[in-house]
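Enquirer: Pasting in a structure now, in structure tokens, and then I'll have a few things to ask.
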Amino acid sequence: MYKEHIINSKNEQLTSGFRPPNRPTHVGCDYIASDNSQNTARGVDIIALADGTVSKVAYDSARGNYVDIAHNSNITTRYQHLRDGVKVKVGDIVKKGQAIAVMGNTGDCSSSNPNVLPEYRGTHLHLEIHVNGVPTDPEPYLTGAKMISTMNTVPPSATVSSFKVGDKVKVKQGAKDYNGVGLASFVYTNTYDVQQVNDDRVVIGIGGKVTAAVNAKDLQKV
Ligand SMILES: [Zn+2]
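If you're matching positions, the sequence shown starts at 99 in this note's numbering and goes up one per residue.
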């Protein structure tokens with residue numbers, strides 16, 4: 099039925115749309131696999147809607163396990179309620195159709211369907227598409243009415259560091275260290291060398307001596 103796919107069985111069935119009148123805060127679409135009951139949907143792979151770079155893999159009590167894929171400088175797709183054991187990590191380059199996780203019911207997925215085993219109740223995919231950070235209706239991107247441009251795929255600056263070893267940096271006034279612990283006041287006045295980079299975690303120091311690990315967003319190049 100759809101031209102583009104987010105479930106490897108290619109049998110997506112919409113169960114709740116974008117901001118329906120009775121769910122004004124529902125800023126995505128819910129899908130199950132139409133050739134599977136919610137009971138058997140437990141084994142269905144979720145696939146990337148388009149080429150891109152994984153920009154976030156996280157969990158919270160509402161979204162459950164979720165994955166964000168940045169497709170170009172302004173479109174991100176988000177896949178929620180994924181089963182434990184997500185197959186990708188931040189920074190991975192993914193291709194359209196690549197399996198990223200298994201459909202699940204982590205997070206807020208209430209369902210009282212008595213025909214489904216309790217541990218699989220509520221299994222579905224909640225898909226969001228953010229254009230310039232604003233959630234937009236995913237349906238036109240599945241029907242083919244709108245396309246996700248995959249030109250100029252760039253690593254998302256918010257999570258992948260743009261610093262490299264040897265850069266000279268200053269720490270922004272008032273910033274805390276990577277674990278949220280306060281830093282001594284002199285740290286904000288010194289210039290440091292970048293000694294290690296691991297995504298957004300940057301280790302800084304002077305002359306080979308480590309001073310702190312800080313978040314990339316709290317650093318400025320000098
Ligand atoms: Zn939803």
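Just so it is clear, CB atoms sit at the ideal spot from N, CA and C, and this is done for glycine as well.
Give me the Cα-Cα distance between Lys185 and Ala199, rounded to the nearest whole angstrom.
Expert: Straight-line Cα distance between these residues: approximately 5 Å.
Enquirer: Using DSSP with H/G/I as helix, E/B as strand and the rest coil, what is Thr251?
Expert: Because Thr251 sits at a pLDDT of 45, beneath the cut-off of 50, its placement in the model cannot be relied upon, and the following sentence gives the value as read from the coordinates. Thr251 falls in the coil class under three-state DSSP.
Enquirer: Tell me the DSSP secondary structure of Ala314 in three-state form.
Expert: Helix.
Enquirer: Would you report the Cα separation of His222 and Asp166, rounded to the nearest angstrom?
Expert: For His222 and Asp166, the distance between alpha carbons rounds to 17 Å.
Enquirer: Between Asn211 and chain D, is there a C-beta pair that is closer than 8 Å?
Expert: Of the protein chains in this structure there is only one, and it is not chain D.
Enquirer: Please specify which runs of the beta strand (DSSP E), each continuous and at least 3 residues long, are wholly inside the region 140-169, giving them in chain order.
Expert: If we require 3 residues or more, the beta strand (DSSP E) runs fully inside the region 140-169 come out as 143-145, 150-158, 162-168.
Enquirer: Mind listing, in chain order, the continuous beta strand (DSSP E) runs of no fewer than 3 residues lying wholly within the region 225-251?
Expert: DSSP runs (the beta strand (DSSP E)) wholly in the region 225-251: 232-234.
Enquirer: Assuming Arg92 contacts Glu110 (C-beta within less than 8 Å), just tell me the rounded distance between them.
Expert: Examination of residue 92 is not possible in this model, given that the chain is present from 99 through 320 alone.
Enquirer: Would you tell me roughly how many angstroms separate the C-alpha atoms of Thr251 and Ile304, rounded to the nearest one?
Expert: Its pLDDT being 45, under 50, Thr251 is placed unreliably by the model, and the measurement read from it follows with that caveat. Taking the straight line from one Cα to the other gives about 35 Å.
Enquirer: May I ask you to check if the CB of Asp143 is nearer than 7 Å to at least one heavy atom of ligand 1?
Expert: Every heavy atom of ligand 1 is 7 Å or more from the Cβ of Asp143, so no.
Enquirer: Of the residues Val152, Leu240, Asn120, which one's Cα is nearest the Cα of Ala197?
Expert: Checking every option, the nearest Cα to that of Ala197 belongs to Val152.
Enquirer: Starting from Tyr177, follow its DSSP beta bridges and name the residues at the other end.
Expert: DSSP output for Tyr177 lists Val165, Leu225 as bridge partner(s).
Enquirer: Return yes when at least one heavy atom of ligand 3 lies under 7 Å from the C-beta of Gly272, else no.
Expert: This structure simply doesn't include ligand 3; it includes ligand 1 instead.
Enquirer: What three-state label does DSSP hand Val269 in the structure shown?
Expert: Here Val269 sits in strand by DSSP.
Enquirer: With hydrogens ignored, establish whether the beta-carbon of Asp324 is closer than 7 Å to any heavy atom of ligand 1.
Expert: The chain is shown only over 99 to 320; residue 324 falls outside these bounds and no answer can be derived.
Enquirer: Is His228 near ligand 1, going by C-beta to nearest heavy atom under 7 Å?
Expert: It does not: the Cβ of His228 is nowhere closer than 7 Å to a heavy atom of ligand 1.
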